[in-house]
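> Sharing a structure below in C-alpha cells format, with a few things to ask.
2 protein chains.
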Amino acid sequence: MKENSKVRHRVLDTVTRLFYEQGFQATGINQIIEESEVAKASLYEHFPSKEDILRAYLEDATARWRTDFAAFCNDRPPGEKTLLALFDYRKQRAVEGGFKGCTFVRVAYELPNLDEASLDIIRKHKAYIKTMVKQHISLLPVRRSARETEDLAEMIVWLYEGSGVQSSLERSAHPIDAAKKIAQKLLS
Amino acid sequence: MKENSKVRHRVLDTVTRLFYEQGFQATGINQIIEESEVAKASLYEHFPSKEDILRAYLEDATARWRTDFAAFCNDRPPGEKTLLALFDYRKQRAVEGGFKGCTFVRVAYELPNLDEASLDIIRKHKAYIKTMVKQHISLLPVRRSARETEDLAEMIVWLYEGSGVQSSLERSAHPIDAAKKIAQKLLS
DNA sequence: ATAAAAACGAACAGACTTGTCTGTTTTTTG
DNA sequence: CAAAAAACAGACAAGTCTGTTCGTTTTTAT
Chain X
254 MKENSKVRHR VLDTVTRLFY EQGFQATGIN QIIEESEVAK ASLYEHFPSK EDILRAYLED
314 ATARWRTDFA AFCNDRPPGE KTLLALFDYR KQRAVEGGFK GCTFVRVAYE LPNLDEASLD
374 IIRKHKAYIK TMVKQHISLL PVRRSARETE DLAEMIVWLY EGSGVQSSLE RSAHPIDAAK
434 KIAQKLLS
Chain V
254 MKENSKVRHR VLDTVTRLFY EQGFQATGIN QIIEESEVAK ASLYEHFPSK EDILRAYLED
314 ATARWRTDFA AFCNDRPPGE KTLLALFDYR KQRAVEGGFK GCTFVRVAYE LPNLDEASLD
374 IIRKHKAYIK TMVKQHISLL PVRRSARETE DLAEMIVWLY EGSGVQSSLE RSAHPIDAAK
434 KIAQKLLS
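From first to last, the protein sequence lines stand for chains X and V.
Numbering-wise (our numbering), the first sequence opens with residue 254 and increments by one.
Numbering-wise (our numbering), the second sequence opens with residue 254 and increments by one.
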C-alpha cells in the first residue's frame, strides 16, 4: 500500500504548504524532508524525482479542490447560488493563503517549460470549472442558446481568472467581490 | 554614464529573452554573462545583485510595453478601436513569445515573496492599463456614469487578464480573440 | 599623449542543489 | 515469534548557485 502510506501523505501535506508559500523551485528537497519528518531515502522511495512530487502535488490539489468546493457549496441550491459560490470560495482561499494566486496558474507560470503531464492536470482543472459553470448556467430559468451559454460561461470564467490575478497583485479580496457582482448582473 | 552603458543594455536585452523563456530562477548569472558577452565583474558593477537585475528588467519591460503599444495603435483612432487593440496587442505578444503568459504576472507568481519595489512596478503597470481603458471608454458616444465607466473598465481588464491566462495554459490565441469579441459587445 | 575609468578573463569562496548509497532500526505480516 | 518490508539517520557525490577579488587590457576624456 504505497499510495496511502504515511510518508506520502506527510510529504504531500508539507509541499502543499511550502510550494504555495515559497514556490516550487525555492523549496528544496532538504526542507521537504525536514518539515515532513521523513527520511530522504524514504522520500525517494515514493517519489523518484522532484518532478514526481510536483505531479503528485498537482493531482492532490485538484482532487482536494473538488471535494472542498463541493463541501463549500453544501447547502446552496444548484444554479446561480452555486455558480456564484465559485467567487466566494476563491475569496476564502485567497484570504487564507495570503493572496499568492491560483495554485495551478502559479505552477504553470513559474515553470514555463513544464512537462505535458503536469500541464494537463492544470488544463483539466480549468476545464472542470468551465464545464461546471456551463451546467449551472443551463439550470437557470433564463432560456439561452448553446452559443449564448458558451459565451456567458467563458465570460464568467475569465472574470474569475482575471479578478483572481488582480486580487493577488493587490493583496486584496476586493477584485473578487467586484467580479462576483458583475457575474451576478450578467446572469439575470 | 552608467545608465546607458553597453553592458547594461546588453544584459537587459539578454534577460528580457531569458527571463521570459526560462523564468527568473532558472536563469543563472553565468548564463546571463555568457549570452550577453559581458564579464562577471562588469555585470556586478552595474547590478549589485540578481534582484537588481530583476527590478531593472521590470522597469525596462513596462517602459517598452508602453512605447510598443503606442506604436501598435499608431493609426487607430482613440476610443473603441484603440481599446480593442489591447487584445490584438496581447495576442501578438502571446504568439511571438510562445504563450508563456504575461511578463509581469509571471514574475509575481514565480516569486510570491517579491520585494515591494518590484511588486509596485507590476501594480503600476496594471494600473496604467486600467486608467487607459477608462479614458478610452469615456471617449465613446454612449453616455455613462462614473460608476458605470468604472465597472465596465474593470470587466474589460479582467477579460483581458483572464483570457491571457487561459491562452497561456492552452497555448492558443483563441481565448484572447473570444475575449475581444465579448469586450466589443459590452462597449456598444 | 597621458591619466582615469571601465570592461575584461578567470580563479576562487562558500553555500546550496538533487539524488545515491550504506547500514540500522522499526513496523508490518504470515 | 520469525521473516519480510518499510522507514530510518546520515554521509557522500557531483554539480550548481551567487557573489568577490585578482591583475590586465581596453576605452574614454582631458
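Backbone N, C-alpha and C define an ideal beta-carbon position, used for all residues, glycine too.
Computed from a predicted structure; not experimentally measured.
Quick check: Gln437/X and Leu337/X, are their CB atoms within less than 8 Å of each other?
Position 184 of the first sequence holds residue 437/X. Position 84 of the first sequence holds residue 337/X. Yes.
> Since Ala426/V and Tyr413/V are thought to touch, with beta carbons under 8 Å apart, how far apart are those beta carbons, to the nearest angstrom?
Counting from one through the second sequence, the residue named residue 426/V turns up at place 173. Counting from one through the second sequence, the residue named residue 413/V turns up at place 160. Rounded, the Cβ-Cβ distance is 14 Å, inconsistent with contact.
> Taking only runs of the alpha helix (DSSP H) that begin and end inside the region 287 to 327 of chain X, which ones reach a length of at least 4 residues, in chain order?
With a minimum length of 4 residues, the continuous alpha helix (DSSP H) runs that stay inside the region 287 to 327 of chain X are 293 to 299 and 303 to 325.
> From Arg270/X, Gln275/X, Thr269/X and His262/X, pick the residue whose C-alpha is nearest to that of Asn366/V; which is it?
On the second sequence, position 113 is the one that residue 366/V refers to. Nearest option by C-alpha distance: Gln275/X.
> Helix, strand or coil for Asn257/X, going by three-state DSSP, please let me know.
Here residue 257/X refers to the residue found at position 4 when the first sequence is read from its first residue. Residue state, collapsed to three classes: coil.
> Evaluate Gly354/V with the Cβ neighbour count: other Cβ atoms within 10 Å of its Cβ, from every protein chain shown; 16 or more gives buried, anything less gives exposed.
Along the second sequence, one-based indexing puts residue 354/V at 101. Gly354/V is buried by the Cβ-count criterion.
> Can you tell me which of the three DSSP states Phe272/V falls into?
The sequence position of residue 272/V within the second sequence is 19, counting from 1. Three-state DSSP puts Phe272/V in a helix.
> Cβ closer than 8 Å: which chain X residues qualify as neighbours of Gln275/V?
In the second sequence, counting from the first residue as 1, residue 275/V sits at position 22. Per Cβ cutoff of 8 Å: Pro365 and Asn366.
> Three or more beta-carbon pairs under 8 Å between the region 369 to 376 of chain V and the region 391 to 411 of chain X, yes or no?
Segments in contact, no.
> What does Arg376/X touch in chain V if you count any residue whose Cβ is under 8 Å from its own?
In the first sequence, the residue the question calls residue 376/X occupies position 123. Here the neighbours are Leu422 and Glu423.
> Just to confirm before moving on: does the CB-CB distance between Glu290/V and Arg263/V stay below 8 Å?
Counting from one through the second sequence, the residue named residue 290/V turns up at place 37. Counting from one through the second sequence, the residue named residue 263/V turns up at place 10. Going by C-beta atoms, Glu290/V is nearer than 8 Å to Arg263/V.
> Compute the Euclidean distance between the alpha carbons of Gln278/V and Ala399/V, then round it to the nearest angstrom.
Against the second sequence, residue 278/V aligns to sequence position 25. Against the second sequence, residue 399/V aligns to sequence position 146. Going by the C-alpha atoms only, they are around 43 Å apart.
> Span of the alpha helix (DSSP H) holding Leu372/V?
Taking the first residue of the second sequence as position 1, residue 372/V is located at position 119. Here the alpha helix (DSSP H) through Leu372/V covers Glu369 to Ser391.
> What residues from chain V crowd round Lys379/X, counting only those whose CB sits closer than 8 Å?
Within the first sequence, numbered from 1, the residue matching residue 379/X stands at position 126. Ordered by position in chain V, the residues that pass the 8 Å Cβ test against Lys379/X are Gln419 and Leu422.
> Any Cβ of chain X within less than 8 Å of the Cβ of Leu412/V?
Translated into the one-based positions of the second sequence, residue 412/V becomes position 159. Leu412/V counts as touching chain X.
> Under 7 Å Cβ to Cβ from Cys326/X, same chain only, skipping five residues before and after it: list those, please.
Within the first sequence, the letter at position 73 stands for residue 326/X. Same-chain partners within the cutoff: Thr335 and Ala338.
> Would you grab the beta carbon distance between Gly415/X and Trp318/V for me? Rounded to a whole angstrom, and I think it's under 8 Å.
As a position in the first sequence, residue 415/X is number 162, starting the count at 1. As a position in the second sequence, residue 318/V is number 65, starting the count at 1. That pair is no contact at about 18 Å.
> Go ahead and label Lys379/V buried or exposed: buried means 16 or more other beta carbons lie within 10 angstroms of its beta carbon, across all protein chains shown.
As a position in the second sequence, residue 379/V is number 126, starting the count at 1. Label assigned to Lys379/V: buried.
> Quick check: is the beta carbon of Gln278/V nearer than 8 Å to any beta carbon in chain X?
Reading the second sequence from its first residue, position 25 is the one you call residue 278/V. Yes, Gln278/V lies at the interface with chain X (some Cβ there is under 8 Å from its Cβ).
> Is there a Cβ of chain V sitting closer than 8 Å to that of Val386/X, yes or no?
Position 133 of the first sequence, counting from 1, holds the residue named residue 386/X. Output row for Val386/X: interface = no.
> Just to check, is the beta-carbon of Ser302/V closer than 7 Å to a non-hydrogen atom of the ligand ZN?
For the structure depicted, the ligand ZN is absent and the ligand set is empty, with no information on it obtainable.
> Please state whether the Cβ-Cβ distance between Leu439/X and Ile409/X is less than 8 Å.
In the first sequence, counting from the first residue as 1, residue 439/X sits at position 186. In the first sequence, counting from the first residue as 1, residue 409/X sits at position 156. Yes, the pair counts as a contact, with Cβ atoms nearer than the cut-off.
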